Amino acid sequence: MERRFLFCKEPMSRLQPYTTIAQELLHDNRYWRYKHDRYILPDGKKESDYFYADSHGSTIIIPILEDNRLIMVKQYRYLNQKSSLEFPGGGLASGLKPEENAHKELLEETGMIAEQLINIGSFNPCNGITNELCSVYIAKQLTFIGHNADETEDIEIVNVSIDECYTLIRTGEIWDGMTLASWTLFQTEQSKDFSP
Numbered sequence: 040m041e042r043r044f045l046f047c048k049e050p051m052s053r054l055q056p057y058t059t060i061a062q063e064l065l066h067d068n069r070y071w072r073y074k075h076d077r078y079i080l081p082d083g084k085k086e087s088d089y090f091y092a093d094s095h096g097s098t099i100i101i102p103i104l105e106d107n108r109l110i111m112v113k114q115y116r117y118l119n120q121k122s123s124l125e126f127p128g129g130g131l132a133s134g135l136k137p138e139e140n141a142h143k144e145l146l147e148e149t150g151m152i153a154e155q156l157i158n159i160g161s162f163n164p165c166n167g168i169t170n171e172l173c174s175v176y177i178a179k180q181l182t183f184i185g186h187n188a189d190e191t192e193d194i195e196i197v198n199v200s201i202d203e204c205y206t207l208i209r210t211g212e213i214w215d216g217m218t219l220a221s222w223t224l225f226q227t228e229q230s231k232d233f234s235p
């Protein structure tokens with residue numbers, strides 16, 4: 040397969056989409072479906088298989104307190120068998136909009152409601168495994184009204200400064216990929232004030 044380097048100044052790409060010829064649903068739950076697709080490569084000569092998680096999407100929220108500290112949550116991650124310090128967030132149930140989910144997850148995981156939610160971008164957390172789109176929000180003007188945690192989650196609230204967040208990333212204490220990607224969008228948003 041030919042490889043090309045693509046630079047930002049290049050307006051068009053020669054890459055062509057694959058053609059899906061069959062889809063099979065292997066498993067379904069309220070957050071995602073596990074699918075098997077059969078597709079043809081752009082040259083029309085070769086068929087192949089793709090197994091992936093078909094997702095309704097997810098949201099990550101970066102809550103900012105009045106003193107500019109960020110609210111993070113620490114929870115146990117079963118698949119990695121260890122604790123993880125993360126921004127609050129979660130998967131979208133079918134039919135729920137990202138902003139609605141951001142409000143829901145913020146309340147469930149932190150007990151906070153936000154007067155202001157600002158969408159700062161989105162990303163795919165693992166584009167070789169899922170088509171999920173994660174929407175990232177900054178939450179401001181927060182009010183604590185009480186925890187409404189999901190019964191399957193055991194969560195600790197941790198408030199950190201921006202400087203502490205950098206340190207926690209450098210030391211590997213923040214290792215969650217969705218939090219790291221959201222942090223990048225957050226830093227890009229913060230730097231807009233300093234752009235030429």
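So for the sequence shown, our numbering puts the first residue at 40; every next one is plus one. In this text, a Cβ means the ideal position worked out from N, Cα and C, and glycines have one as well. No experiment lies behind these values; they were computed from the predicted model shown.
With DSSP collapsed to three states, give me the class of residue i.
i	result
D67	strand
Q114	strand
I201	helix
P235	Caution applies to P235, whose pLDDT of 47 falls short of 50 and renders its modelled position unreliable; the model cannot decide the point.
R42	Because the pLDDT at R42 is just 48, under 50, the model does not fix this residue reliably, and the point stays unresolved.
L195	Note that residue 195 is Glu in the sequence shown here, rather than Leu. Strand.
L80	coil
I103	strand
Within 10 angstroms of the Cβ of residue i, are there 16 or more other Cβ atoms? Answer buried if so, exposed if not.
i	result
Y115	exposed
F126	buried
E144	buried
D193	exposed
P56	exposed
T282	This structure cannot speak to residue 282, because the chain is shown only from 40 to 235.
G211	exposed
I60	exposed
Kindly identify the DSSP beta-bridge partner or partners of residue i.
i	result
Y57	Beta-bridge pairing links Y57 to no other residue.
F90	H75
T98	G129 and S174
Q226	BP columns for Q226 are empty, so no partner.
L109	I103 and V199
Length-filtered (3 minimum) beta strand (DSSP E) runs lying within the region 119–185
Runs of the beta strand (DSSP E) lying entirely within the region 119–185, each at least 3 residues long, are 121–125, 128–130, 151–162 and 173–183 in chain order.
For the pair the region 131–145 and the region 76–85, tell me if three or more CB-CB distances fall below 8 Å.
No, they do not touch.
Are the region 200–211 and the region 150–167 in contact at 8 Å, needing three or more beta carbon pairs?
Cβ pair count under 8 Å is below three, so no.
Three or more beta-carbon pairs under 8 Å between the region 78–93 and the region 182–191, yes or no?
No, the region 78–93 does not touch the region 182–191.
I want to know whether the region 162–169 touches the region 212–220 - three or more CB-CB distances under 8 Å.
Per the Cβ contact rule, the region 162–169 is in contact with the region 212–220 (3 or more Cβ pairs under 8 Å).
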